[in-house]
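Going left to right, the sequence shown walks through residues 259 to 353 as the working numbering numbers them.
We treat Cβ as the ideally placed atom computed from N, Cα and C, and that holds for glycine.
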Amino acid sequence: MRFLTLCVLSLLIALQFRLWSGDNGVSELRSLQQDIERQQATNKQLTQRNQLLQADITDLRNAQEAVEERARNELGLVKPNETFFRLVRLQPEAP
Numbered sequence: 259m260r261f262l263t264l265c266v267l268s269l270l271i272a273l274q275f276r277l278w279s280g281d282n283g284v285s286e287l288r289s290l291q292q293d294i295e296r297q298q299a300t301n302k303q304l305t306q307r308n309q310l311l312q313a314d315i316t317d318l319r320n321a322q323e324a325v326e327e328r329a330r331n332e333l334g335l336v337k338p339n340e341t342f343f344r345l346v347r348l349q350p351e352a353p
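Dropping the structure here:
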């Protein structure tokens, strides 16, 4: 009987050791949970960015003014018979 108790106790200790420090144990579980939290935060940021980009796409598809604004600002385009003035500030000369 004493031998059986010793065997069961040894087996229990071995299983506990493997649970706490072995492969697929508690330490790996904690590491995976941290990885999941980091990935969820990244996903949230990317979702917000995608929503902003989707709003830009919708504006460009539906609103002619948005297309015109982008053409003017980014490409410097003007309408026919329109005069464009660009004001440039002069840098003071260094002494």
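Identify whether residue i lies in helix, strand or coil by the three-state DSSP scheme.
i, result
"Leu335", "coil"
"Glu340", "coil"
"Glu327", "helix"
"Leu304", "helix"
"Asn282", "coil"
"Ala321", "coil"
"Arg260", "helix"
"Glu351", "coil"
"Val266", "helix"
"Leu345", "coil"
For residue i, which of the options has the nearest alpha-carbon?
i, options, result
"Thr341", "Leu270, Arg330, Asp293, Gln291", "Arg330"
"Lys337", "Glu323, Val346, Arg347", "Glu323"
Verify the contact flag: residue i, CB atom, against every heavy atom of the ligand SAM, threshold strictly below 7 Å.
i, result
"Val325", "By its list of ligands, the structure shown contains no ligand whatsoever, and the ligand SAM lies outside what it can speak to."
Contact check, residue i vs residue j under 8 Å by CB: the rounded distance?
i, j, result
"Val398", "Leu277", "There is no way to answer for residue 398, as the model of the chain reaches only from 259 to 353."
"Val325", "Leu335", "Rounded, the Cβ-Cβ distance is 10 Å, inconsistent with contact."
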